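Engineer:
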Amino acid sequence: MTIRLTDRDRQMLDGRCGEGPRLAMAIIVRMAGVCGAGELMDVTQAHIDGCGLLSDAGLEFAETLAARGARVAIPTTLNMGPLDLQNWKVFGVREDFAAKAIRQAKAYTDMGCIPTWTCAPYQGYLAPRFGQQIAWGESNAVVYANSVLGARTQRYGDYMDICAAITGRVPRQGLHLRENRRGQLLVRLAGFDAARLGEETFWPAFGHFLGAAAGDRIPVIEGLPAGATDDQLKALGAAAASSGAVALFHAVGLTPEAPTLEEAFQGARPEEVLEVRPADIEGAAADLSTASDGAGLDVVLLGCPHFSFAEFRRLAGLVRRVGGRSRVEFIVITSAQSHALVLRSDLVAPLADFGVRITLDTCMFHTPMVAPGTRVLMTNSGKCAYYAPGELGVQVAFGSLADCVRSAVEGRVCRASPGQGRASPRRSRAAPRAKPGGPPMTWRLTGQVLVAGSAEGRALVSPEPLSFWGGFNPKTGEIVDRRHALSGHLITGRALVLPAGKGSSTSSACLLESIRAGTAPAAILLLKADPILALGAIVADELYGRSVPILVLPEEEFRSLKDGDRVAVGRDGRLTVRCPDAG
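Take the sequence shown: its letter number 403 is residue 443 in this note's numbering, and every next letter is one higher.
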């Protein structure tokens, strides 16, 4: 399709503004084609998630942009980095890892980014205004900015964020437009009393349930208390953006675009109505745990997203009441801004006396802070609980902040909250098979091309969406999400048949790194377009001249594929498929 560009856009695309802006604009324009946007629009602020994951490809992309003279054109904040730049030696981080992380940080600050180093930018400097057009990465920040603040951003993947910051432009589409922000799914809470809604574990557990139910649809929630706190909404959104691809939710009478049910749906009828009862939330809370009550505990990790000052106050109050000292590692991750408030308060002594270790500006998943041999981790974060088994290779216990404190003192998992004392069952789903009397031994399909390319490989059919970050190891090519039906499968060289992506905006970075490392699938065949995966393939093409073809197939043709089919993909979007026994 043809993208309408301004004179300034063309100057950047033609290289007249330098090679760095040319590369950024080339990616923006290609992504506009993926999204079906006919033109670009201005944004006035950016938040960069691509600075978080330390990978060879991510470092090379950042240093390439900086070396080619790229500079941000709008105020741009940075997500957490892969290192606590002040205290990394305390955690035994290797010198070579630290050196790369420092290089990556320098590349982004050299481009003019503001070193906020937080995954919760809405808690501090430069929080956006209602209606402000922004380009934010980091899935939890995106859903908070859209839902709670009423700012407007797409769910931008890693590296689209810095390209938007350099050009000040994004495709005009998606959640930037009011008509695309109307609710789609009505979610009614039924049977909850005020006490249950006030429990800390309700919010991340509900978010976990909501993400799985909504996928990438916009839910409108009826029944949340009007006095919900910022941290409760943070926990809800972060979990929903992990188990699903939620980028915006409305809560009637609570969030700014939902003063009434009618306004949340912009006068339209909901596509679906879902009633949620306490048993659903208990099941979701149980699903977030893979460790049972009584299990020996190795570490408590808090701050995913980054701990707020209000959360520090709650933690200090709990440790004062409990007394004693933690028998396990007790780590809290926060931003320098929130930590500065802690240092100016009376919270330092009780936290230190309990054995709390505070680390700044980084992430439990991106910095090697979990000691080798760690078996059981406890957290109050739905996002952490969802990703930790695959990303860190540990068992996880999900509980309230009070549960975490008590468990740390006991040295074992202790939970008072109902429905959390059992490990979630391992789910086993068979991949969908072709129906009897279905396609012949060899047949042809045609798909919509998101990223062009030619490839061949045996089909690997996933019955459910996958987050590449937290669900896929780009070093080995293995699916590591322990809750996923294909956990343990290698996707290297396979034609990955995937309903959709979900979860982290860092999925683009993981696909990029796997293409660089040679562990990527041969092709990705989707039922629903996924701009974040397409972005990873496009950046690989621009950076290395090699990529992975990504296509969207009509549902009937998508469902016709089965494990082991030999799939050949052409640049024109045509596929030739042969059954394994076709010879």
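Each residue gets a CB set at the ideal place from its N, CA and C atoms; glycine is no exception.
As the structure is a prediction and not an experimental result, all values here were calculated from the model.
Count Cβ pairs between the segment 348-356 and the segment 126-141 that sit closer than 8 angstroms; are there 3 or more?
Structural biologist: Counting Cβ pairs under 8 angstroms, fewer than three are found: no touch.
Engineer: Which of the three DSSP states, helix, strand or coil, is assigned to Phe352?
Structural biologist: Stepping through the sequence shown from its first residue, residue 352 is reached at position 312. Three-state result, Phe352: helix.
Engineer: Would you kindly work out how many angstroms separate the C-alpha atoms of Val434 and Thr42, rounded to a whole number?
Structural biologist: As a working mapping, residue 434 is identified with position 394 in the sequence shown. As a working mapping, residue 42 is identified with position 2 in the sequence shown. Computed Cα separation, rounded: 48 angstroms.
Engineer: If I measure Cβ to Cβ from Glu27 and keep anything under 6 angstroms in the same chain, skipping five residues before and after, which residues do I get?
Structural biologist: One cannot answer for residue 27 here, as it falls past the ends of the chain, which runs 41 to 623.
Engineer: What separation, rounded to the nearest whole angstrom, lies between the Cα atoms of Thr482 and Thr616?
Structural biologist: Residue numbering aside, residue 482 sits at position 442 when the sequence shown is read from its first letter. Residue numbering aside, residue 616 sits at position 576 when the sequence shown is read from its first letter. Roughly 7 angstroms between the two C-alpha positions.
Engineer: Would you check if the distance between the CB atom of Ala185 and the CB atom of Val83 is smaller than 8 angstroms?
Structural biologist: One-based indexing of the sequence shown puts residue 185 at position 145. One-based indexing of the sequence shown puts residue 83 at position 43. No, they are not a contact pair.
Engineer: Note the first and the last residue of the continuous beta strand (DSSP E) segment covering Asp82.
Structural biologist: In the sequence shown, residue 82 corresponds to position 42, counting from 1. Note, Asp82: beta strand (DSSP E), Leu80 to Asp82.
Engineer: Apart from the five residues just before and just after Ala141, which ones in its own chain have a Cβ nearer than 6 angstroms to its Cβ?
Structural biologist: What you label residue 141 is simply residue 101 of the sequence shown in a count that begins at 1. Hits under 6 angstroms: Leu94, Pro122 and Leu123.
Engineer: In the DSSP assignment, find the alpha helix (DSSP H) that holds Glu597 and state where it starts and stops.
Structural biologist: By one-based count along the sequence shown, residue 597 stands at place 557. Glu597 -> alpha helix (DSSP H) spans Glu595 to Ser600.
Engineer: Counting only runs that start and end within the segment 379-462, where is the alpha helix (DSSP H) found for 4 or more residues in a row?
Structural biologist: Counting whole runs of 4 or more residues, the segment 379-462 contains the alpha helix (DSSP H) stretches 388-394, 422-432 and 441-450.
Engineer: Taking 8 angstroms as the cut-off, decide whether the C-beta atoms of Ala439 and Arg415 are in contact.
Structural biologist: Looking up residue 439 in the sequence shown gives position 399. Looking up residue 415 in the sequence shown gives position 375. Position check: residue 439 holds Gly in this sequence, whereas Ala was assumed. Cβ atoms of Gly439 and Arg415: not closer than 8 angstroms.
Engineer: Pull the bridge partners of Pro211 from the DSSP assignment, please.
Structural biologist: As a working note, residue 211 is residue 171 in the sequence shown. Its beta-bridge partners are Leu80.
Engineer: Evaluate the contact criterion for the segment 441-453 versus the segment 167-182: three or more CB pairs, one atom per stretch, below 8 angstroms.
Structural biologist: As far as the Cβ criterion goes, the segment 441-453 does not touch the segment 167-182, which means the pair count is below three.
Engineer: At the level of alpha carbons, what is the spacing between Pro299 and Val489?
Structural biologist: Here residue 299 is taken as the residue at index 259 of the sequence shown, counted from 1. Here residue 489 is taken as the residue at index 449 of the sequence shown, counted from 1. Near 40 angstroms, if we compare the C-alpha coordinates of Val489 and Pro299.
Engineer: Go through its chain and collect everything with a Cβ distance to Ala252's Cβ below 7 angstroms, but skip five positions before and after it.
Structural biologist: The residue you call residue 252 lines up with position 212 of the sequence shown. Ser283 and Gly284, listed in sequence order.
Engineer: Quick one: what's Glu239 bridged to in DSSP?
Structural biologist: If you number the sequence shown from 1, residue 239 lands on position 199. BP columns for Glu239 are empty, so no partner.
Engineer: Could you pull the DSSP bridge partners for Ala287 from this structure?
Structural biologist: One-based indexing of the sequence shown puts residue 287 at position 247. BP columns for Ala287 are empty, so no partner.
Engineer: Measuring CB to CB, does Ala562 end up less than 8 angstroms from Arg606?
Structural biologist: Here the question's residue 562 lines up with position 522 in the sequence shown. Here the question's residue 606 lines up with position 566 in the sequence shown. No, the pair does not count as a contact, with Cβ atoms beyond the cut-off.
Engineer: Excluding sequence positions up to five away, which residues of its chain have a Cβ less than 6 angstroms from the Cβ of Asp581?
Structural biologist: Here residue 581 is taken as the residue at index 541 of the sequence shown, counted from 1. So the list reads Ser587, once near-sequence residues are dropped.
Engineer: Have a look at Arg236, Arg221, Glu240 and Leu273 and flag the residue whose alpha-carbon is nearest the alpha-carbon of Asp256.
Structural biologist: Here the question's residue 256 lines up with position 216 in the sequence shown. If we check each option's Cα against that of Asp256, Arg221 comes out closest.
Engineer: So what's Arg108 in DSSP terms, helix, strand or just coil?
Structural biologist: By one-based count along the sequence shown, residue 108 stands at place 68. Here Arg108 sits in coil by DSSP.
Engineer: Does the segment 71-87 come within contact of the segment 235-242, defined as at least 3 CB pairs closer than 8 angstroms?
Structural biologist: No, because fewer than three Cβ pairs between the segment 71-87 and the segment 235-242 fall closer than 8 angstroms, the two stretches do not touch.
Engineer: Excluding the five sequence neighbours on either side, which residues of its own chain have a C-beta within less than 7 angstroms of the C-beta of Glu597, listed in chain order?
Structural biologist: One-based indexing of the sequence shown puts residue 597 at position 557. Same-chain partners within the cutoff: Leu485.
Engineer: Whose C-alpha, out of Leu573, Trp157 and Pro505, is nearest the C-alpha of Val74?
Structural biologist: Mapped onto the sequence shown, residue 74 falls at position 34. Here the closest residue by C-alpha is Leu573.
Engineer: Please classify Val362: does DSSP put it in a helix, a strand, or coil?
Structural biologist: Within the sequence shown, numbered from 1, the residue matching residue 362 stands at position 322. In the structure shown, Val362 sits in a helix (DSSP, three-state: H, G or I).
Engineer: Just curious, the beta strand (DSSP E) that Gln488 is in, first and last residue?
Structural biologist: Translated into positions along the sequence shown, residue 488 becomes position 448. Segment Gln488 to Val491, the beta strand (DSSP E) holding Gln488.
Engineer: Assign Leu53 to one of two classes, buried (16 or more other C-beta atoms within 10 Å of its C-beta) or exposed (fewer than that).
Structural biologist: Against the sequence shown, residue 53 aligns to sequence position 13. Flag for Leu53 reads buried.
Engineer: Can you say whether Leu250 is buried or exposed, counting buried as having 16 or more other CB atoms within 10 angstroms of its CB?
Structural biologist: Taking the sequence shown and counting its residues from 1, the one referred to as residue 250 is at position 210. It is buried - the Cβ of Leu250 has at least 16 other Cβ atoms within 10 Å.
Engineer: Which first and last residues belong to the alpha helix (DSSP H) in which Cys550 is found?
Structural biologist: For the purposes of this step, residue 550 is taken as the residue at position 510 of the sequence shown. Ser547 to Ala557 is the span of the alpha helix (DSSP H), which, as asked, contains Cys550.
Engineer: Which word fits Phe542, buried or exposed, when buried means at least 16 other C-beta atoms lie within 10 angstroms of its C-beta?
Structural biologist: By one-based count along the sequence shown, residue 542 stands at place 502. At residue 542 the sequence reads Lys, which differs from the Phe that was named. The residue is buried, with at least 16 neighbouring Cβ atoms inside 10 Å.
Engineer: Enumerate in chain order the residues of its own chain whose CB-to-CB distance from Gly267 is below 6 angstroms, with the five nearest sequence positions on each side excluded.
Structural biologist: For the purposes of this step, residue 267 is identified with residue 227 of the sequence shown, where counting begins at 1. Once the five neighbours on either side are set aside, Gly267 has no close Cβ partner at all.
Engineer: Check each candidate in Ile531, Arg62, Leu566 and Trp509 and name the one with the smallest Cα separation from Glu518.
Structural biologist: Within the sequence shown, numbered from 1, the residue matching residue 518 stands at position 478. When each option's Cα is compared against that of Glu518, the closest is Ile531.
Engineer: For Pro168, which residues of its own chain have a beta-carbon under 7 angstroms away from its beta-carbon, when the five flanking residues on both sides are left out?
Structural biologist: Counted from its first residue, the sequence shown places residue 168 at position 128. Contacts found: Gln85, Ile174, Ala185, Leu189 and Ala191.
Engineer: Leaving aside the five residues before and after Asn513 along the sequence, list all residues of the same chain whose C-beta is less than 7 angstroms from its C-beta, in chain order.
Structural biologist: By one-based count along the sequence shown, residue 513 stands at place 473. Cβ within range, chain order: Val520.
Engineer: Can the beta-carbon of Gly152 be found closer than 8 angstroms to that of Val182?
Structural biologist: Here residue 152 refers to the residue found at position 112 when the sequence shown is read from its first residue. Here residue 182 refers to the residue found at position 142 when the sequence shown is read from its first residue. Contact: no.
Engineer: Output the distance between the C-alpha atoms of Met404 and Thr46, rounded to the nearest integer angstrom.
Structural biologist: Looking up residue 404 in the sequence shown gives position 364. Looking up residue 46 in the sequence shown gives position 6. Cα-Cα distance, rounded: 42 angstroms.
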